[in-house]
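When you line the sequence shown up against my numbering, it's residues 227 to 627, in that order. Virtual Cβ for every residue (Gly too), placed ideally from N, Cα, C. All figures in this text were calculated on a predicted structure; none of them were measured in a lab. To start, the structure under review is shown below, and the notes come after it.
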Amino acid sequence: MTGALRGRRPTAAPATAGEVFALIRQGAVATRTEIGRATGLSRTAVAARVDRLLAEGLVSEVQGGAVTGGRPAARLAFHAGGGTVLAASVGVSRTSLAVCDLTGAVLAQDSLRIRARSGPEPVMRAVADRLGGLLAEAGADRAGVRGIGLSIPGTVDSTAGCSIGVPVLPGWAEVKLPPLLHEHFAVPVRVDNDVNVMAIAEQHAHPGIDDLLVLKVSTGIGAAVVSGGVLQRGARGSAGEIGHTQVANGPGMPCHCGNVDCIEILASGSALIRDLVVRGRAVDTVSDVVDLVRAGDAEAVTLVREAGRRIGEVLAAAVNLLNPAVITVGGDLVGAYEPLVAGIRESVFKRAVATATQSLRVEPGALVGRSGVTGCAILVLDRVLSPGAVDEILAARDLVL
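Listed below in structure tokens is the structure:
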């Protein structure tokens, strides 16, 4: 952004307030003088733009000491408290919710035990109701909400804001989700795949890592790919759908997708629950599986490690193809991290080529427990705080006035 503004031709349109805000948010400028130098705007034009940003609450200004003496220069900074965004990471059996400031920091967080099979309308209604409660708990005003980031499992049409059709979400296909939330919050809503938003959060938590593979093992199994510093969604939004990769030498177990021996039907949290129930364990959720592992239940530990091996077989091919620097593991089953990742490592380092694994790191996600909501927050912040969006907000304010 800075370079683009400094390279403006004299005939180019003057920098907008949104572009000035982007410079301040990035930390590229901190005074009105620096804004003028970076953009070529006059003092009057800089003052007009800064004043609008101050009035909108996106920027704060404090008196700072002058570097070389003389009158102290007022310093400008991005105002993280100038509003909030809401985050909802919908899972098959559990949904994580949060209220975040304008940097994506979580101010209040909760989860709902609600099954996605209930359908989009009741789930979105419950999500909106609990987000309203979280706002009150955070001491935040509903009028200050600037957007909502929402994630759901499976393939997502992020433009339309709907599921393309996922077997674990019957009744969700082609249902546009933003309007269901607009009934409660009249703000922009962005929708993406659940593991994609985890990858967005993990990418922010791993500065300097441009090639990242994010694995989620929960009720289901999914992955997301960051390659060359860019989240890869694929031609139809299906990049990372490893859960429905068939494994060799499986027992012939039918998967809800219509195939047999998919990794999700054999090694997911749901699969572990099924297998442990058959063995006489009283488990109903992935958390119950994790509790058994932590209690040292030998059979649960063995099954989780075997699940890790099967997942690692699929990941090995992805490692050969993508050559990531880091694989992060998240999702509800990460609570059983040691046996799960021991199995994953065993298969990946056995099956992938040595050049791809020589410096490969396999580690728990940096934001375990918060990667979903943090990624949702970043997803919507990238939209509502973009230069164009800020200019639209300010223009709307002008029309109101």
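Residue i vs residue j beta-carbon contact at 8 Å
{"i": "Ile-447", "j": "Ile-426", "result": "no"}
{"i": "Val-332", "j": "Val-599", "result": "yes"}
{"i": "Arg-587", "j": "Val-552", "result": "yes"}
{"i": "Leu-357", "j": "Leu-312", "result": "yes"}
{"i": "Pro-550", "j": "Leu-439", "result": "yes"}
{"i": "Ser-315", "j": "Asp-383", "result": "no"}
{"i": "Val-509", "j": "Gly-534", "result": "no"}
{"i": "Ser-444", "j": "Gly-317", "result": "yes"}
{"i": "Ala-243", "j": "Leu-279", "result": "yes"}
{"i": "Ala-603", "j": "Gly-330", "result": "yes"}
{"i": "Leu-441", "j": "Leu-541", "result": "yes"}
{"i": "Leu-284", "j": "Met-350", "result": "no"}
In DSSP terms, what residue i is bridged to
{"i": "Glu-287", "result": "Leu-302"}
{"i": "Pro-480", "result": "Val-486"}
{"i": "Leu-338", "result": "Thr-321"}
{"i": "Ser-315", "result": "Ser-322 and Ser-377"}
{"i": "Ile-553", "result": "Leu-439 and Val-588"}
{"i": "Val-371", "result": "Thr-310"}
{"i": "Val-332", "result": "Cys-326"}
Residues near residue i in its chain [Cβ-Cβ closer than 7 Å; skip 5 each side]
{"i": "Ile-619", "result": "Glu-282"}
{"i": "Ser-286", "result": "Ala-303 and His-305"}
{"i": "Glu-539", "result": "Val-473, Ser-573 and Arg-577"}
{"i": "Pro-480", "result": "Val-486"}
{"i": "Val-519", "result": "Ala-526, Val-527, Val-530, Ala-562 and Pro-565"}
{"i": "Ala-352", "result": "Leu-338 and Ile-340"}
{"i": "Met-271", "result": "According to the sequence displayed, residue 271 carries Ala and not Met. So the qualifying residues of the chain are Pro-240."}
Cβ-based neighbour list, residue i, same chain, cut-off 6 Å, excluding 5 preceding and 5 following
{"i": "Arg-416", "result": "Gly-375, Leu-605, Val-606 and Arg-609"}
{"i": "Gly-397", "result": "Gly-345"}
{"i": "Pro-404", "result": "Gly-387 and Val-415"}
Nonlocal neighbours in the same chain, by C-beta distance under 8 Å from residue i, ignoring five residues either side
{"i": "Asp-367", "result": "Leu-361"}
{"i": "Leu-457", "result": "Asn-422, Ala-425, Ile-426, Gln-429, Ala-450 and Val-451"}
{"i": "Tyr-563", "result": "Val-555 and Pro-590"}
{"i": "Val-628", "result": "Residue 628 is absent from the structure shown; the chain starts at 227 and stops at 627."}
{"i": "Gly-476", "result": "Val-486, Asp-487 and Leu-492"}
*What are the start and end residues of each continuous beta strand (DSSP E) run of 3 or more residues lying completely inside the region 568-594, in chain order?*
587-590
*Give a yes or no on contact between the region 444-461 and the region 521-531, applying the rule of three or more CB pairs nearer than 8 Å.*
no
*Ranges of the beta strand (DSSP E) found wholly within the region 408-490, counting only runs of at least 3*: 415-419, 438-443, 447-453 and 456-458
*State whether the region 403-412 contacts the region 495-502, with contact taken as three or more CB pairs (one from each stretch) at a distance under 8 Å.*
no
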